[in-house]
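Participant: This note's numbering numbers the first residue of the sequence shown as 190 and each following residue consecutively.
Could you have a look at this structure, given as structure tokens, before my questions?
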Amino acid sequence: MTSTHDRGRPRDVSRRTADRIRRRDRGRCQQCGTRGREVAYLEGADRDELLVTLCRACHERRATRD
Numbered sequence: 190m191t192s193t194h195d196r197g198r199p200r201d202v203s204r205r206t207a208d209r210i211r212r213r214d215r216g217r218c219q220q221c222g223t224r225g226r227e228v229a230y231l232e233g234a235d236r237d238e239l240l241v242t243l244c245r246a247c248h249e250r251r252a253t254r255d
């Protein structure tokens with residue numbers, strides 16, 4: 190997984206894109222449904238459709254799994 194800034198987004202994702210993804214996902218983790226702020230790629234892809242919002246716990250689980 191791409192390393193993440195302290196702002197909860199991959200380094201190569203602009204703040205504007207990350208905000209758009211969070212709005213699209215209504216601020217909810219796409220894994221467990223709780224409130225989420227982290228934006229992450231699915232399967233390392235780089236298209237907006239494959240970016241998701243995750244809570245910190247789900248993001249950390251994914252990061253340790255990858």
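Cβ coordinates follow ideal geometry from the N, Cα and C atoms, glycine included.
What you are looking at is a predicted structure, and each value in this text was computed from that prediction instead of being measured.
1. With which residues is Glu227 paired in a DSSP beta bridge?
2. When we look at the beta-carbon of Arg211 and count the other beta-carbons within 10 Å, is it buried (16 or more) or exposed?
3. With 16 other CB atoms within 10 Å as the buried threshold, where does Leu243 fall?
4. Got a sec? Which residues, its chain only, sit under 8 Å from Gly216 by beta carbon, not counting five neighbours each side?
5. Exposed or buried, Leu231, counting other C-beta atoms within 10 Å across all chains shown (16 or more means buried)?
Facilitator: A quick look at the data gives this:
1. Leu243
2. buried
3. buried
4. Within the same chain, Gly216 has close Cβ partners Arg224, Gly225, Arg226 and Thr242.
5. exposed
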